[in-house]
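Line order of the protein sequences matches chains R and B. Oh and the first sequence: position 57 is 57 in this note's numbering, straight run, nothing missing. Oh and the second sequence: position 111 is 111 in this note's numbering, straight run, nothing missing. Ideal Cβ positions, reconstructed from N, Cα and C, are used throughout, including at glycine. Reviewing the structure listed below.
Protein chains: 2
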Amino acid sequence: MKVVILGAGNVASHLTRALLESTVHVAQIYNRTLEKAEAIAKPYNLAYTDKISEIQKADLYIISTSDEAIEEVSYHIPFDDTLVVHTAGSLGIDSLKGDYRKGVLYPLQTFSTDKAVRYEKVPFFIETENEEDFKKLEKLMLKVSEKVQKITSEQRATLHLSAVFVCNFVNYLYTIGEKVIEEAGLPFETLVPLIDETCQKIHEITPKQAQTGPAKREDQVIIEKHLAMLKNKNDWFQIYQLMTQGIVKQQNEL
Amino acid sequence: MKVVILGAGNVASHLTRALLESTVHVAQIYNRTLEKAEAIAKPYNLAYTDKISEIQKADLYIISTSDEAIEEVSYHIPFDDTLVVHTAGSLGIDSLKGDYRKGVLYPLQTFSTDKAVRYEKVPFFIETENEEDFKKLEKLMLKVSEKVQKITSEQRATLHLSAVFVCNFVNYLYTIGEKVIEEAGLPFETLVPLIDETCQKIHEITPKQAQTGPAKREDQVIIEKHLAMLKNKNDWFQIYQLMTQGIVKQQNEL
């Protein structure tokens, strides 16, 4: 199976690496900015181009551009007898504009440039127009990951939303924690064992069982003390209040 | 050094185990509910009591009750020539009411009943009235953990606040993620590799570098889509909006 990757962001570069490490034949990288395509392609001696008319004939095109660019890029793929997928969490299969066969290949993971990822642990969610293409993609992705699964567009959108809460928003809380602790003259590293354990716990017990802290105990004295410390930090004050209310409410649910 | 533990909650039970595993001499558990003291003491054949007048003479008393009970319990310790510490994040040393020497021993960790903890990775923060007691406590706790550090009351309060953000609130986001993903008919376990990687990333790059997602990309189409999905979930809608605003603002900071 010959694969062409379109896009050169974090998902595209990690996906390229994941496929190559699994000895999948990635033939070419396309990106509208040539330097970015080159940056991904060069280390592996892959072909690369910034002209979509010059993309090679392949069995599978994976579009990992920004969400806004997917439609435009998909429209210009100059082949019909092929399979084209995008990797976006919240776009339907109908974002792909062409007469080829269509699908979605959604990796549930957070990819940053300078952080290696164990791809075999990344769940891949597949949606296709027909069963044959699902089987093909499933077979391909099982070379990369232990977890490959069929999913509907609606499930994928919900999955993406849940991922925003447990990944993007969690990371944002880390950035707040970092700024708060630095005010005490302590480095962010001080918090890392606590962050690790918070994550480790939900491997063994449910998130609700794992909940601790002043909000869970409805410890109003500490909550008021914390809110007073945040009185000049409007955003953090609001987040503290909202999350505390949510935890209290959750404790009181049946 | 002979130690008596007062309290029988999560912190008390984990601290007792941590000290015993490090061959520290824990002599007795006190708790106002006898059954709870027994539950901790029995497996190790320790003495236990629900009468504070019956606590043994010891070199160190560790009060790990609820924050509200610390003052009351500390008041009734019937010895002066000894060291008494509490383990609360946000209470001053002056919450201890007695003529003994005073201190605070704050473990920066989230303790749940059914989850084992690697105590050698738990940072312990110590505050005492005099250097001699600091040295004693430091020596003792270095048997348990690799990380033992002096800290002021003010630093400890700030540390506790940052811990609420990166632990308690993070865990609350896990509970939201669980409920959202279950609406798609998928188990919470689906999110665990993503949760792991989100936590792993900040071992190698800063939280700001690790940020990904629609808010970071200022992807209004996806953000509006997500908010529409949350329109009947008032609390989650507000959290989504607030966190998204925060991430956007942070991206635009110098």
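Taking the CB atoms as reference points, tell me whether residue i and residue j lie closer together than 8 angstroms.
i: Y61(B); j: I77(B); result: yes
i: V117(R); j: E71(B); result: no
i: K150(B); j: F134(B); result: yes
i: Q155(R); j: L230(B); result: no
i: Q28(R); j: Y44(R); result: no
i: P207(R); j: T175(B); result: yes
i: K143(R); j: S22(R); result: yes
i: F169(B); j: L46(R); result: no
i: I55(B); j: V4(B); result: yes
i: T190(B); j: I223(B); result: no
Please report how far the alpha carbon of residue i lies from the alpha carbon of residue j, in whole angstroms.
i: A88(R); j: F125(R); result: 11 angstroms
i: H25(B); j: A210(R); result: 30 angstroms
i: V73(R); j: P123(R); result: 25 angstroms
i: K8(R); j: N31(R); result: Checking the displayed sequence, the identity of residue 8(R) turns out to be Ala instead of Lys. Computed Cα separation, rounded: 6 angstroms.
i: C199(B); j: K51(R); result: 38 angstroms
i: K136(B); j: A215(R); result: 34 angstroms
i: D99(B); j: V180(B); result: 53 angstroms
i: D235(B); j: K57(B); result: 51 angstroms
i: N252(B); j: Y106(R); result: 28 angstroms
i: K42(B); j: V85(B); result: 24 angstroms
i: N171(R); j: N171(B); result: 12 angstroms
i: I202(R); j: V166(R); result: 12 angstroms
i: M1(R); j: Y75(R); result: 22 angstroms
i: V164(B); j: T212(R); result: 9 angstroms
i: L15(R); j: S145(B); result: 40 angstroms
i: A37(R); j: L6(R); result: 9 angstroms
i: L34(R); j: F237(B); result: 40 angstroms
i: E218(B); j: E68(R); result: 11 angstroms
i: I247(R); j: F79(B); result: 40 angstroms
i: L83(R); j: Q250(B); result: 39 angstroms
Out of the options, which has the shortest C-alpha to C-alpha gap to residue i?
i: G92(R); options: L83(R), Y100(R), V104(R) and D99(R); result: V104(R)
i: M141(B); options: S13(B), L6(B) and L20(B); result: L20(B)
i: A18(R); options: K147(R), V84(R) and E120(R); result: E120(R)
i: V192(B); options: K139(R), I52(R) and Q109(R); result: Q109(R)
i: D81(B); options: D94(B), E218(B) and D59(B); result: D59(B)
i: E129(R); options: S90(R), V3(R), G177(R) and D94(R); result: D94(R)
i: Q220(R); options: V4(B), E38(B) and S66(B); result: S66(B)
i: T182(B); options: K249(R), I222(R) and H160(R); result: Per the sequence shown, residue 182(B) should be read as Glu rather than Thr. When each option's Cα is compared against that of E182(B), the closest is H160(R).
i: E255(B); options: G213(R), I202(R), T212(R) and F188(R); result: Outside the shown range of chain B (1 to 254) lies residue 255(B), about which nothing can therefore be said.
i: E259(R); options: A37(R), K102(R) and E218(R); result: Only positions 1 to 254 of chain R appear in the structure, and residue 259(R) is not among them; the question remains open.
For the putative contact between residue i and residue j, defined by C-beta atoms under 8 angstroms, what is the C-beta separation to the nearest angstrom?
i: Q64(B); j: V11(B); result: Checking the displayed sequence, the identity of residue 64(B) turns out to be Ser instead of Gln. Sure, about 4 angstroms apart at Cβ, within 8 angstroms.
i: S162(B); j: G177(R); result: 4 angstroms
i: I239(B); j: L194(R); result: Not confirmed; about 21 angstroms, so no contact.
i: S90(B); j: K97(R); result: Their Cβ separation, rounded to whole angstroms, is 57 angstroms, which puts S90(B) and K97(R) out of contact at 8 angstroms.
i: E132(B); j: V148(B); result: Not quite, the Cβ-Cβ distance comes to about 16 angstroms (not below 8 angstroms), so this is no contact.
i: A184(B); j: T158(R); result: 4 angstroms
Query raised in the report: Which whole runs of the alpha helix (DSSP H) in the stretch 95–143 of chain R are 4 residues long or more, in chain order?
Result: If only complete runs of 4 or more residues are kept, the stretch 95–143 of chain R shows the alpha helix (DSSP H) at 131–142, in order along the chain.
Query - Entirely enclosed alpha helix (DSSP H) segments - the stretch 158–223 of chain B, minimum 4 residues - result: Within the stretch 158–223 of chain B, the complete alpha helix (DSSP H) runs of at least 4 residues are 170–183, 192–201 and 207–210.
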